[in-house]
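Comments concern the structure below.
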Amino acid sequence: MPRPLLLAGLAAAIAVGATGCAGIPPLPPQASIGTVSPDEQPGGETAPATPEVDPGATPTDPPSADAADPVQLDVATDPRVVAQVDYVLEYWSDYNDEEWGVLERNDCVNFASQSLVVRGWKQSAEWYHGGDPYSSSATWRSSTAMRDWLESRPDLATPLGDDQRDQVQLGDLVQFDWDNSGDRDHTGVVTRIERSAGGVKVYFAGHTLDSDYRDVDVAITKEHPGASVYYWRLAA
């Protein structure tokens, strides 16, 4: 049975002018009648309304390195980072929704937040899962809100630009501004780093457009030409 539609909830939903994972995701469909769906808003990244979960899905093979350009792969040795990366590679397509729930069309930050808990981060009054993702803090489910929160917490993370990607490490967060509007439209977790004479390549896992080894460079050139990318170097 659909939950009762509360006028207050409807007003709050209409007031949210968020785009995709950028802003606070809208309330469930029962409480967001008349609002614009995330995939119709500028800057948002589309995904199925309900994730198509295939428990038997075959993970993507890690990218192959060019034999003519010797590549060094980063290896995580910190048990916290190993646990975090293992988690996102296990649940990037087979969602752990029984434990954390799913934000339809906007699950990227919910998924990244889950990985931080696995890494060892403690929930707080500023960042928490509220029993289901829709009642969780904005910082738990919004890329822009997470950015604003992390900017106030240098003890947790240091912001890096794409010209500093040589400082990025496995388990760090990557965020995108697809339309260069100043907000953040997508969040992922770094799962692979290749270093060579040609530079550094970064790959990430995430929900919304489900991925385990998605190429940052492809995301900002072929998929979203001209988009901006940012990283959070995690301190803990």
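Just so you know, numbering that gives the first Met the number 0 puts 64 at position 65 of the sequence shown, and the rest follows in order with no gaps.
Beta carbons are placed, not taken as given, at the ideal position from N, Cα and C, and that holds for glycine.
Identified DSSP bridge partners for residue i
i	result
S195	G198
T186	Q174
G181	DSSP, once it has assigned bridges, lists no residue as partnering G181.
G205	S210
Coil, strand or helix - residue i by DSSP
i	result
P153	coil
D214	strand
E103	coil
R164	helix
Q29	Any reading at Q29 needs caution, since the residue's pLDDT is 28, under 50, leaving its predicted position unreliable; the model's value is listed next. Helix at Q29.
Q71	strand
W231	strand
L159	strand
Q122	coil
L169	coil
S135	coil
T34	Because T34 carries a pLDDT of 26, less than 50, the predicted location of this residue cannot be relied on, and the following value inherits that uncertainty. Residue state, collapsed to three classes: coil.
W91	coil
D77	coil
Y127	coil
S141	coil
A226	coil
Beta-carbon spacing of residue i, residue j below 8 Å
i	j	result
W167	Y230	The residue you asked about is not Trp; residue 167 is Val in the sequence shown. Contact: yes.
D214	Y202	yes
D165	V199	yes
L169	V228	no
R118	A156	no
V108	M145	yes
W148	W120	no
Whole-angstrom distance between residue j and residue i, CA atom to CA atom
i	j	result
I32	L115	Annotation note: pLDDT 23 at I32 (below 50); position unreliable, coordinate value reported separately. The alpha-carbon atoms of I32 and L115 are separated by roughly 32 Å.
D211	G205	7 Å
D73	E103	33 Å
L233	R140	18 Å
P69	S195	6 Å
F110	G181	22 Å
D96	N105	13 Å
S136	S92	24 Å
H128	W99	8 Å
D171	T143	16 Å
A226	R152	25 Å
G160	D216	14 Å
T138	T207	17 Å
G197	A218	19 Å
Q122	Y90	20 Å
Y94	P132	13 Å
D77	S134	32 Å
Q71	G130	41 Å
A235	I192	19 Å
E150	D209	26 Å
A124	Q163	31 Å
F75	P158	Looking at the sequence itself, residue 75 is Ala, so the reference to Phe does not match. Cα to Cα, A75 sits roughly 20 Å from P158.
Counting Cβ pairs closer than 8 Å, one from the segment 81-90 and one from the segment 177-191, do we hit at least three? yes
Does the pairing of the segment 165-183 with the segment 207-224 give three or more beta-carbon distances under 8 Å? yes
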